[in-house]
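Taking it in order: structure first as structure tokens, then the write-up.
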Ligand SMILES: [Zn+2]
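In structure tokens:
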């Protein structure tokens, strides 16, 4: 079963027993024909050696790039006959699990490289970077590759972060656990149930601090699974809560806002005048200024119209409308100042 016409190359290291038959260059990359020349193959059923070849076929798998060019391996795969009568695999395909998995369309080392790119960047940036390095991959596939890598179990976790993890956005969610001292994810749990997180926490009594969102499930999990640990709200949720409460507060005080806007706009315009007076730019006289700050804001008018709505809007629709109006008003203010 040996093939004396094969070669090996230090530029494309291959596992023992696999050699290069030939290389073809194209505009997009290299196609390298390789084959296994070991004198036997192991039957996956009975683990016995077989030297009897039945047939062979060609299989294309993507490999790590060479000199920035994409590399495709044209692998000649042999089918062998198992001579053990009791074995269910009469004919089997030789396998090289250390190099490429069965039915995989890429080698193990390319999968590893893509995972490294995915972990070092993000999906979109990883797609762009991988393309420049000679690895063709979409952002979605890059995400899938990173999820394939098993996360090593941590020895000791002192400060733990727990948050939602979208297996499929809007559909199914799990929980991601992060070692905040090492700044790396350490576990992804299949769901976001309190019982699941609690069971994991019970296995790690060394945890001193649990950083979580404000959802009840994680609070319950931390209370039961790590009762000795301090619970803190993560920064994102603190700022989110602050923003929402501040928005609600300002909406309740909307009657005062035009007056505050007037005072604030005067102060801003005064600052602009002072700054421009120091420079050579001629600022228009005060009577030509458009009192854009002094208008009742469109966002407030929306809430003022609540009392006598022409068309009944839901609260969500009103908020969207008000948000849109605020954005437009900010745009107008920036344009005016410019
Ligand atoms: Zn067998």
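Residue numbers (the numbering used here): 6 to 343. Backbone N, C-alpha and C fix where the C-beta goes; we use that ideal spot for every residue, glycine too.
- Compute every distance between the C-beta of residue 41 and the non-hydrogen atoms of ligand 1, then say whether any falls below 7 Å. no
- Message: Taking the alpha carbon of residue 338 as the reference point, which residue from 273, 280 and 166 has its own alpha carbon closest?
- Response: 273
- Message: Tell me the rounded alpha-carbon separation between residue 177 and residue 171.
- Response: 6 Å
- Message: Can you tell me whether residue 325 is helix, strand or coil according to DSSP?
- Response: helix
- CA-to-CA distance, residue 38 to residue 28, given in whole angstroms: 6 Å
- Task: Can you tell me the Cβ-Cβ gap for residue 57 and residue 92, rounded? I've got them flagged as a contact below 8 Å.
- Result: The Cβ separation is near 13 Å, so there is no contact.
- Message: Less than 8 Å between the beta carbons of residue 95 and residue 104, yes or no?
- Response: no
- residue 140 versus 151, 126, 116 and 127, residue with shortest Cα-Cα distance: 116
- 8 Å Cβ cutoff, residue 250 in contact with chain C: Among the protein chains of the structure shown there is no chain C, as only one such chain exists.
- Terminal residues of the alpha helix (DSSP H) in which residue 206 lies: 199 to 207
- Message: For the pair the segment 194 to 203 and the segment 214 to 232, tell me if three or more CB-CB distances fall below 8 Å.
- Response: yes
- Message: Please tell me whether residue 162 and residue 180 are closer than 8 Å, where the distance is taken between their beta carbons.
- Response: no
- Which class does residue 262 belong to by DSSP, given the choice of helix, strand or coil? helix
- Taking residue 46 and residue 55 to be in contact with their CB atoms under 8 Å, please state how far apart those CB atoms are, rounded to whole angstroms. 6 Å
- So, is residue 83 buried or exposed, given that buried needs 16 or more other C-beta atoms within 10 angstroms? buried
- Task: Can you grab the Cα-Cα spacing for the pair residue 133 / residue 151, in whole Å?
- Result: 16 Å
- Residues that DSSP places opposite residue 47 in a beta bridge: 54
- Helix, strand or coil for residue 267, going by three-state DSSP, please let me know. helix
- Element boundaries [alpha helix (DSSP H), containing residue 150]: 144 to 153
- Message: Let's see if you can read the secondary structure: which residues bound the alpha helix (DSSP H) around residue 96?
- Response: Taken as a continuous stretch (DSSP letters only), residue 96 belongs to no alpha helix (DSSP H), being part of the beta strand (DSSP E) at 96 to 98.
- Query: Do you know offhand how far residue 249's Cα is from residue 237's?
  - Reply: 19 Å
- Query: Just to check, is the beta-carbon of residue 86 closer than 7 Å to a non-hydrogen atom of ligand 1?
  - Reply: no
- With residue 191 and residue 182 assumed to form a contact (beta carbons below 8 Å), what rounded beta-carbon distance in angstroms separates them? 6 Å
- Item | Cβ shell of residue 119 (< 7 Å), same chain only, five flanking positions each side left out | 135, 140, 142, 147 and 150
- Query: How far does the alpha helix (DSSP H) with residue 243 in it reach, from first residue to last?
  - Reply: 240 to 257
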